[in-house]
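Residue numbering for the sequence shown is 18 to 378, as defined by the working numbering.
Shown next, in structure tokens, is the structure this report addresses.
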Amino acid sequence: MTGAVVPPIYATSTYKQDGVGGLRGGYEYSRSANPTRTALEEALAAVEGGVRGLAFASGMAAEDTLLRTVCKPQDHVIIPNDAYGGTYRLFSKVNQRWDLHFDPVTLNDLDAVAAAMTQKTKVVWVETPTNPLLGVADIAALAQLAHECGALLVVDNTFASPYLQQPLSLGADVVVHSTTKYVGGHSDVVGGALITADRGLGEELAYHQNAIGAVAGPFDAWLTLRGLKTLGVRMDRHCDNAERVVGLLTAHPRVTQVLYPGLPEHGGHEVAAKQMKRFGGMVSFRVAGGEAEAVAVCDRAKLFTLGESLGGVESLIEHPGRMTHASVAGSPLEVPGDLVRLSVGIETIDDLLADLTQALG
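Written as structure tokens, this is what we have:
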């Protein structure tokens with residue numbers, strides 16, 4: 018409208034109508050649509066190769082809206098057996114009370130997925146790589162399996178980001194993001210997104226987005242759009258640094274296992290190499306000494322900030338069992354107590370390596 022290089026923040030709740038029902042540019046009320054959010058949604062659709070993008074107040078809001086749109090009571094969903102703890106909590110504590118059934122399945126075992134499918138299976142829910150065990154699932158193979166059974170394939174692409182992986186091009190129906198993470202990239206905004214390959218499904222999701230109402234506010238949309246512009250250069254640096262961190266960890270005598278799709282010995286390495294541009298900035302590892310030592314490593318870190326979340330320019334360290342994945346304790350998705358998860362940032366790599374060396378002792 019004005020030639021502004023950066024889309025403005027439209028901090029307005031309502032819009033003047035040109036006569037009753039005469040909407041100017043299609044805008045009437047900012048829960049339904051806001052120009053700043055529209056700019057973000059169009060950009061998200063573009064980078065994922067989709068036809069419709071929708072921006073939400075959080076990744077969990079996006080997930081819940083998606084499930085309420087495509088599922089009904091007594092339907093069935095297959096989820097990863099190492100899904101994000103918040104996703105598992107949504108299924109087990111919220112949607113199960115709504116009579117939505119689910120089964121955790123090892124998604125890299127296609128026979129196990131096929132065996133878990135029922136006539137009521139509406140969604141196969143995929144994270145790849147997974148959080149925090151960095152498991153890898155074959156998106157194209159799962160898409161074919163899901164579609165043969167009349168189900169949708171939903172891919173949480175948060176860990177990989179649109180820069181490293183394009184699930185819709187591999188057959189996925191919907192991509193989910195916590196845009197809080199790599200898309201936003203600066204640990205300063207919470208948000209979520211859905212991107213669809215089908216315009217009809219996109220319209221149905223948009224109806225429910227408006228009806229349920231957990232939309233991204235204009236300032237949040239503006240921050241997320243700003244972060245998206247630098248995604249490519251940030252991801253290159255995240256990957257460079259993560260590869261150096263993995264090199265240090267694999268050689269360290271107090272590290273018993275390193276979980277990273279870029280390692281040839283990783284069970285999903287070949288699939289990851291096929292469907293990802295690079296292997297990302299997330300690294301998990303297990304330490305000798307059990308849970309107490311894993312917690313101690315987290316506490317000794319200085320440059321790696323002890324905190325939840327991921328995907329920001331600053332490096333973070335956490336103990337999944339007591340932090341991000343406490344909600345799955347005692348469930349089939351419980352993570353090992355000796356596990357440490359890193360979100361490798363874009364700081365000077367020598368400083369990061371020095372901090373990990375002293376933290377490991």
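Don't be surprised by glycine CBs; every beta carbon is placed ideally from N, CA and C.
Taking the alpha-carbon positions, what's the VAL212 to GLU65 distance? Indexing the sequence shown from 1 puts residue 212 at position 195. Indexing the sequence shown from 1 puts residue 65 at position 48. Note that residue 212 is Ile in the sequence shown here, rather than Val. Looking at the two C-alpha atoms, the distance is approximately 7 Å.
Pairwise C-alpha distance: GLY307 and GLY354: Taking the first residue of the sequence shown as 1, we reach residue 354 at position 337. Taking the first residue of the sequence shown as 1, we reach residue 307 at position 290. Cα to Cα, GLY354 sits roughly 7 Å from GLY307.
Skipping 5 residues on each side, what residues in its chain have a beta carbon closer than 7 Å to that of GLU325? Start at 1 with the first residue of the sequence shown, and residue 325 comes out as number 308. Closer than 7 Å at the Cβ level, and outside the excluded window around GLU325, lie GLU335, MET340 and THR341.
At least three beta-carbon pairs within less than 8 Å, the segment 313-322 to the segment 223-236: no
Just tell me which of PHE73, MET134 and ARG261 has its CA closest to the CA of ILE363. What you label residue 363 is simply residue 346 of the sequence shown in a count that begins at 1. Measuring from the Cα of ILE363, the nearest candidate turns out to be ARG261.
Are the beta-carbon atoms of LEU245 and ALA60 separated by less than 8 Å? The residue labelled residue 245 in the question sits at position 228 within the sequence shown. The residue labelled residue 60 in the question sits at position 43 within the sequence shown. Yes, they are a contact pair.
Would ARG114 pass as a contact of SER344 if the rule is Cβ separation under 8 Å? Numbered from 1 along the sequence shown, position 97 holds the residue referred to as residue 114. Numbered from 1 along the sequence shown, position 327 holds the residue referred to as residue 344. No, these two residues do not count as a Cβ contact at 8 Å.
Neighbourhood of PRO179 by C-beta distance below 6 Å, restricted to the same chain and skipping five residues each side: As a first step, residue 179 is located in the sequence shown; it is residue number 162 there, counting from the start. Excluding positions up to five away in sequence, the list reads VAL64 and GLU65.
Under the three-state DSSP convention, the category THR147 falls into: The residue labelled residue 147 in the question sits at position 130 within the sequence shown. Note: THR147 maps to coil in three-state DSSP.
What are the boundary residues of the alpha helix (DSSP H) that includes THR86? As a working mapping, residue 86 is identified with position 69 in the sequence shown. That run of the alpha helix (DSSP H) goes 76-87.
Since ALA72 is in the beta strand (DSSP E), which residue starts that stretch and which ends it? For this step, residue 72 is matched to residue 55 along the sequence shown. From DSSP, the beta strand (DSSP E) with ALA72 extends over 69-73.
Give the single residue among LEU248, LEU276 and GLY249 whose Cα lies nearest to the Cα of SER301. Locating residue 301 in the sequence shown gives position 284, where the first residue counts as 1. For the residues LEU248, LEU276 and GLY249, the minimum Cα distance to SER301 belongs to LEU276.
Classify THR381: buried if its beta carbon has 16 or more other beta carbons within 10 angstroms, exposed otherwise. What the structure shows of the chain is the stretch from 18 to 378, and residue 381 is not part of that stretch, so it cannot be assessed.
Contact check, GLY328 vs TYR199 under 8 Å by CB: the rounded distance? Stepping through the sequence shown from its first residue, residue 328 is reached at position 311. Stepping through the sequence shown from its first residue, residue 199 is reached at position 182. With a Cβ gap of about 4 Å, GLY328 and TYR199 count as contacting.
With distances taken Cα to Cα, identify the nearest neighbour of ALA305 among ALA56, PRO281, GLU331 and GLN274. Here the question's residue 305 lines up with position 288 in the sequence shown. Of the listed residues, the one whose Cα sits closest to ALA305 is GLN274.
Taking just the CA atoms, how far does VAL143 sit from VAL171? Position 154 of the sequence shown, counted from the start, is the residue given in the question as residue 171. Position 126 of the sequence shown, counted from the start, is the residue given in the question as residue 143. Their backbone Cα atoms lie some 6 Å apart in a straight line.
My guess is that GLY202 and LEU248 are in contact by the Cβ rule of under 8 Å, so how many angstroms apart are they, rounded? Along the sequence shown, read from residue 1 onward, the residue named residue 202 stands at position 185. Along the sequence shown, read from residue 1 onward, the residue named residue 248 stands at position 231. That pair is a contact at about 7 Å.
Could you spell out the range, first to last residue, of the alpha helix (DSSP H) harbouring LEU359? The residue given as residue 359 occupies position 342 in the sequence shown. It is not in any alpha helix (DSSP H) - LEU359 instead sits in the beta strand (DSSP E) that spans 356-360.
Does the distance from the C-beta atom of ALA74 to that of ARG54 stay below 8 Å? Sequence index remark: in the sequence shown, residue 74 carries index 57 (1-based). Sequence index remark: in the sequence shown, residue 54 carries index 37 (1-based). Not a contact, by the Cβ cut-off of 8 Å.
Where the alpha helix (DSSP H) through ALA290 begins and ends: Locating residue 290 in the sequence shown gives position 273, counting from the first residue. Residues 286-292.
Within 10 angstroms of its Cβ, does VAL22 collect 16 or more other Cβ (buried), or is it exposed? Locating residue 22 in the sequence shown gives position 5, where the first residue counts as 1. Classification of VAL22: exposed, given that the 10 Å Cβ count is below 16.
Kindly list the residues whose CB is nearer than 6 Å to the CB of PRO52, restricted to its own chain and excluding five residues on each side of it in sequence; keep chain order. Taking the sequence shown and counting its residues from 1, one reaches residue 52 at position 35. Same-chain partners within the cutoff: TYR27.
Is the segment 364-378 touching the segment 131-142, taking contact as three or more C-beta pairs under 8 Å? no
For ALA311, which beta-bridge partners are listed by DSSP? Start at 1 with the first residue of the sequence shown, and residue 311 comes out as number 294. Partner(s): none; ALA311 has no beta bridge.
Straight-line CA distance for HIS255 to GLU331? Position 238 of the sequence shown holds residue 255. Position 314 of the sequence shown holds residue 331. Looking at the two C-alpha atoms, the distance is approximately 10 Å.
Considering only residues of the segment 116-168, which uninterrupted beta strand (DSSP E) runs meet the minimum length of 3 residues and lie entirely inside it, listed in chain order? 118-122 and 138-144
Note down the Cα distance separating ARG41 from ASP215, rounded to an integer number of angstroms. Residue 41 sits at position 24 when you count from the first residue of the sequence shown. Residue 215 sits at position 198 when you count from the first residue of the sequence shown. Near 27 Å, if we compare the C-alpha coordinates of ASP215 and ARG41.
LEU84 to GLY378, Cα distance in whole Å? Position 67 of the sequence shown, counted from the start, is the residue given in the question as residue 84. Position 361 of the sequence shown, counted from the start, is the residue given in the question as residue 378. Their Cα atoms are separated by approximately 45 Å.
Cβ contact (3+ pairs, closer than 8 Å) linking the segment 283-290 and the segment 159-168: no
Since GLU335 sits in a beta bridge, which residues does DSSP pair it with? Residue mapping note: residue 335 aligns to position 318 of the sequence shown, counting from 1. GLU335 pairs with ARG358.
Under 8 Å, do LYS139 and VAL94 count as touching if we go by C-beta distance? Taking the sequence shown and counting its residues from 1, the one referred to as residue 139 is at position 122. Taking the sequence shown and counting its residues from 1, the one referred to as residue 94 is at position 77. Cβ atoms of LYS139 and VAL94: closer than 8 Å.
Have a look at THR31 and ALA157 and give me their C-alpha separation to the nearest angstrom. Taking the sequence shown and counting its residues from 1, one reaches residue 31 at position 14. Taking the sequence shown and counting its residues from 1, one reaches residue 157 at position 140. Going by the C-alpha atoms only, they are around 43 Å apart.
Please report the residue range of the alpha helix (DSSP H) in which MET252 lies. Here residue 252 corresponds to residue number 235 of the sequence shown, with the count starting at 1. Element bounds for MET252: 248-268.
Collapsed DSSP secondary structure at GLN183 in the structure displayed: Counting from one through the sequence shown, the residue named residue 183 turns up at place 166. Coil at GLN183, not helix or strand.
According to DSSP, PRO25 sits in a beta bridge with which residue or residues? Your numbering for residue 25 matches position 8 in the sequence shown. According to DSSP, PRO25 bridges with nothing at all.
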